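> Quick one: this structure, given as structure tokens, is what I'll be asking you about.
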Amino acid sequence: MHIVQTIIIVAILLGPSLSFANPNYAERSEVKAMVARLVAKGLDANTILTLMSEAKRLDTVINAMNRPAERKKWMDYRAIFLKRPRVLAAKSFYRKHEKTLARAELELGVPVEVILAIIGVETYFGRNKGGFRALDALATLGLDYPKRSKFFLGELESLFLLAKEENLSVTDLKGSYAGAMGFGQFIPSSYLAYAIDFDNDGRRDLINNPVDAIGSVANYLMRHGWDNTYGVASVVSSAASNVEKMESAIVIKETGSELMAKGVQGIPDAWAQLPLDLLGLHGTKGDEFWAVTKNFYVITRYNRSPLYAMAVHQLSQEIAKELAL
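Its first residue numbered 0, the sequence shown is counted upward by one per residue in numbering that gives the first Met the number 0.
So, in structure tokens, the structure goes:
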């Protein structure tokens with residue numbers, strides 16, 4: 000009993016730094032192959048191997064991966080993000096960065112309220128960027144989490160490339176348990192591909208620069224196909240038989256007219272020819288059904304969960320009301 004209590008106390012004190020093993024990841028064959036690829040791109044082998052030998056396995060990261068918030072039902076997931084203080088925080092952030100947000104909408108075609116909602120859900124407008132060293136988190140998941148090892152090994156490799164390209168210290172980069180960083184929680188490959196220098200200071204800084212973060216969130220959505228000519232989601236009435244599985248991944252496959260022909264009511268007339276999908280959610284007052292557009296799907300490119308996308312959408316609507324956008 001005392002041993003268990005001691006472990007719990009240590010876990011609380013150390014937080015994300017807690018690890019139960021410090022394997023020499025530099026000796027792993029996967030790492031040696033990664034180093035060879037990085038050397039071919041101009042990185043130094045000894046530097047990478049030294050860093051990998053110092054990388055820690057974080058059991059807290061593995062535990063977090065095994066119980067993501069997105070496994071909750073919508074009624075519980077929604078309660079995390081759709082709260083008045085978060086809307087007021089959006090208002091404060093908007094006041095500080097109104098011109099930047101307006102420019103992002105004008106140049107990149109993504110509404111201010113959607114940009115704000117993404118940053119609000121991801122990090123509460125920069126308050127919660129994460130305290131895990133990206134090196135440790137990605138090494139742990141890439142080398143000791145078989146279910147997603149290929150993906151996270153790729154992100155680990157991208158982390159080294161990112162550090163070189165942006166002149167960053169690998170050991171200083173911190174973020175979520177999945178290695179996502181900055182105001183908008185970009186994983187390394189997304190940082191490399193979609194981050195932009197929105198204030199033209201010669202750097203793409205998504206970690207400390209909210210201007211670059213705002214532009215990059217908008218750029219990410221724009222590059223994935225955001226279309227400002229139509230909305231995101233609309234409540235409909237539907238027989239449950241029209242929904243293959245509640246709270247499941249989005250597949251845009253039928254037009255509004257085709258869904259209407261199946262008895263779905265409440266689809267906006269302007270959406271009659273749009274490709275849509277039906278989403279069923281377990282709400283606080285029972286099951287609810289939504290028609291969702293490609294823009295909803297675009298939000299799921301940021302995070303694959305339909306619960307995440309709906310939280311972003313509904314938060315964006317609350318923000319728009321608050322700001323009278």
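Heads up, the beta-carbon is just placed ideally off N, CA and C, and yes, glycines get one too.
Predicted, not measured: the structure shown is a model, and the values here were computed from it.
According to DSSP, simplified to helix, strand and coil, what is Pro187?
Note: Pro187 maps to helix in three-state DSSP.
> Could you check if Leu105 is buried or exposed, using at least 16 other CB atoms within 10 Å of its CB as the buried criterion?
Looking at its Cβ environment, which holds fewer than 16 other Cβ atoms inside 10 Å, Leu105 is exposed.
> Give the DSSP bridge partners of Glu317, in chain order.
None, per the DSSP bridge assignment.
> Output the distance between the C-alpha atoms of Met180 and Pro22, rounded to the nearest integer angstrom.
Cα to Cα, Met180 sits roughly 24 Å from Pro22.
> If distances are taken between C-alpha atoms only, which option among Glu243, Gly129, Ala138 comes closest to Leu405?
Absent from the structure is residue 405, since the part of the chain shown begins at 0 and ends at 324.
> Just to confirm, is the Cβ distance from Ile266 to Gly282 under 8 Å?
Not a contact, by the Cβ cut-off of 8 Å.
> Around the Cβ of Tyr229, are there at least 16 other Cβ atoms within 10 angstroms (buried) or fewer (exposed)?
Exposed.
> On the DSSP letters alone, give me the boundaries of the beta strand (DSSP E) that His96 sits inside.
Run containing His96: none in the beta strand (DSSP E); it sits in the alpha helix (DSSP H), 83 to 107.
> Rounded to a whole number of angstroms, what is the C-alpha to C-alpha distance between Val34 and Ala78?
Roughly 44 Å between the two C-alpha positions.
> Which runs of the beta strand (DSSP E) spanning at least 3 residues fall entirely within the stretch 245 to 302, listed in chain order?
Whole beta strand (DSSP E) segments, 3+ residues: 274 to 282, 285 to 291.
> Between Glu317 and Lys40, what straight-line distance do the alpha-carbon atoms span, to the nearest angstrom?
Spanning the two alpha carbons is a distance of roughly 46 Å.
> Could you give the DSSP three-state label for Ala308: helix, strand or coil?
Residue state, collapsed to three classes: helix.
> Please report how far the alpha carbon of Asp75 lies from the alpha carbon of Ser148, in whole angstroms.
Cα to Cα, the separation comes out at about 29 Å.
> Indicate whether the contact test is met: 3 or more Cβ pairs, each with one atom in the stretch 177 to 193 and one in the stretch 108 to 123, closer than 8 Å.
Touching, yes.
> If you scan the stretch 155 to 220 from start to end, which runs of the alpha helix (DSSP H) of 4 or more residues do you find wholly inside it?
DSSP runs (the alpha helix (DSSP H)) wholly in the stretch 155 to 220: 187 to 193.
> Would Glu165 pass as a contact of Arg132 if the rule is Cβ separation under 8 Å?
No, Cβ-Cβ distance for Glu165 and Arg132 is not below 8 Å.
> Give the range of the beta strand (DSSP E) segment to which Ala232 is assigned.
Looking at the DSSP string, the run of the beta strand (DSSP E) that includes Ala232 is 232 to 235.
> Going by the beta-carbon positions, is the gap between Leu258 and Ala308 smaller than 8 Å?
No.
> Label Gly174 either buried or exposed according to how many other C-beta atoms from any shown protein chain fall within 10 Å of its C-beta, with 16 as the threshold for buried.
By the neighbour-count rule (16 or more Cβ atoms within 10 Å), Gly174 is buried.
> Take the Cβ of Ala89 as the centre, count every other Cβ of all protein chains shown within 10 Å, and call the residue buried at 16 or more, exposed below.
The residue in question, Ala89, is buried, as its Cβ has 16 or more Cβ neighbours within 10 Å.
> For Ala32, is the classification buried or exposed, using 16 other Cβ atoms within 10 angstroms of its Cβ as the cut-off for buried?
The residue is exposed, with fewer than 16 neighbouring Cβ atoms inside 10 Å.
> According to the neighbour-count rule (16 or more other Cβ atoms, all chains shown, within 10 Å of its Cβ), is Glu26 buried or exposed?
Exposed, since its Cβ has fewer than 16 Cβ neighbours within 10 Å.
> Within 10 angstroms of the Cβ of Pro84, are there 16 or more other Cβ atoms? Answer buried if so, exposed if not.
Burial call: exposed.
> What separation, rounded to the nearest whole angstrom, lies between the Cα atoms of Phe92 and Gln313?
Taking the straight line from one Cα to the other gives about 18 Å.
> Please state whether DSSP places Phe124 in a helix, a strand or coil.
In the structure shown, Phe124 sits in coil (DSSP, three-state: anything other than H, G, I, E or B).
> Taking the alpha carbon of His96 as the point to measure from, which residue in Asp211, Val109, Met221 has its own alpha carbon closest?
Looking at the Cα atoms, Asp211 is the closest of the given residues.
> So, using beta-carbon positions, are Leu140 and Phe124 closer together than 8 Å?
Taking 8 Å as the Cβ cut-off, Leu140 and Phe124 do not qualify as a contacting pair.
> By Cβ distance, which residues of its chain are closer than 8 Å to Ser236, with the 5 residues on each side in sequence left out?
Val263, Gln264, Gly265, Phe288, listed in sequence order.
> On the CB-based measure, 16 or more other CB atoms within 10 Å of its CB, does Arg56 come out buried or exposed?
Arg56 is buried by the Cβ-count criterion.
> Measuring straight from C-alpha to C-alpha, what distance separates Leu205 and Lys146?
Their Cα atoms are separated by approximately 29 Å.
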